[in-house]
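> Residue numbers (the working numbering): 54 to 284. Have a look at the structure that comes next, please.
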């Protein structure tokens, strides 16, 4: 429980506010279920959060700090993410019609957290990868992930992590180079012999994209054919 104590305007009275340590807010159009993840296993006590509903949540496993979410009625799998720090990401969901769900974890005034779910919108992804090589495809995957994807030349792709709990590093490879990069890199040189460039554009995980991020996205739309990577 989070406790906040302030003095009222009269200076004689203390106002004590008790609030749940975590609030789960579902701003999506669909009902969801949430639970905690302990040692790689889901807890059985799934809590239903209906569309446009907020519920209190008291984590039982604070040290692990992992929450899992699934659409109501989807019993086979769920997506897990950290609730120990502030961040936002796009979760891959086991649903053909609703392949992704946006989540944002923010701190409250009472040292707690708000977990806000919302529907996926085009371009709402952590990464925008642009392959500006003329004749060479790019293979890429998240570090420690076995699912490699191929981006054809002159294509771009919006990409989100297969597992937000694993290292957020990207492994890129061509027939010439094989590199592992972190998110703070804005451009990577590949195909050194041909002087061609592979442009890696990072769309920052903030509530408001910078003007430079928007320019990069518009350039990608204008110059290349597009793909959205949710498979």
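In this text, a Cβ means the ideal position worked out from N, Cα and C, and glycines have one as well.
Please state the DSSP three-state secondary structure of residue 195.
strand
> With C-beta atoms as the reference, is residue 72 less than 9 Å away from residue 161?
yes
> Just checking residue 63 against the ligand MN - is the residue's beta carbon closer than 8 Å to any of the ligand's heavy atoms?
Because no ligand of any kind appears in the structure shown, any question about the ligand MN cannot be addressed here.
> Would residue 79 and residue 166 be called neighbours here (beta carbons separated by less than 9 Å)?
no
> Any idea which residues DSSP pairs residue 170 with across the strands?
Beta-bridge pairing links residue 170 to 79 and 156.
> If you run the structure through DSSP and keep just helix, strand and coil, what is residue 208?
In the structure shown, residue 208 sits in a strand (DSSP, three-state: E or B).
> Return the chain-ordered list of same chain residues with a C-beta closer than 7 Å to the C-beta of residue 143, the five sequence neighbours on each side being excluded.
153, 155, 173, 177, 178, 179 and 213
> Could you check the C-alpha separation between residue 225 and residue 205 for me, to the nearest Å?
13 Å
> Return the CA-CA distance between residue 102 and residue 92, expressed in angstroms with no decimal places.
24 Å
> What residue range does the beta strand (DSSP E) around residue 92 cover?
From DSSP, residue 92 is part of no beta strand (DSSP E); its letter is neither H nor E.
> Which residue or residues does DSSP assign as beta-bridge partners of residue 106?
According to DSSP, residue 106 bridges with 79.
> Looking at the secondary structure, which residues open and close the beta strand (DSSP E) in which residue 67 lies?
67-72
> Quick check on residue 116: does DSSP put it in helix, strand or coil?
coil
> Looking only at its own chain, which residues have a Cβ that is under 7 Å from the Cβ of residue 62, when we skip the five neighbours before and after it?
none
> When burial is assigned at 16 or more other CB atoms within 10 Å of the CB, is residue 65 buried or exposed?
Classification for residue 65: exposed.
> Would you give the residue range spanned by the beta strand (DSSP E) that residue 133 belongs to?
132-135
> Since I believe residue 89 is in contact with residue 59 (beta carbons under 8 Å), could you give me their beta-carbon distance rounded to a whole number of angstroms?
31 Å between Cβ atoms; not a contact.
> I'd like the list of long-range same chain contacts for residue 121, defined as Cβ closer than 6 Å, with 5 residues on each side in sequence excluded.
Taken in chain order, the residues that qualify are 88, 90, 95, 131 and 133.
> Quick check on residue 143: does DSSP put it in helix, strand or coil?
strand
> Going by DSSP in three states, residue 123 sits in which element: helix, strand or coil?
Residue state, collapsed to three classes: strand.
> Put residue 100 into one of helix, strand or coil per three-state DSSP.
strand
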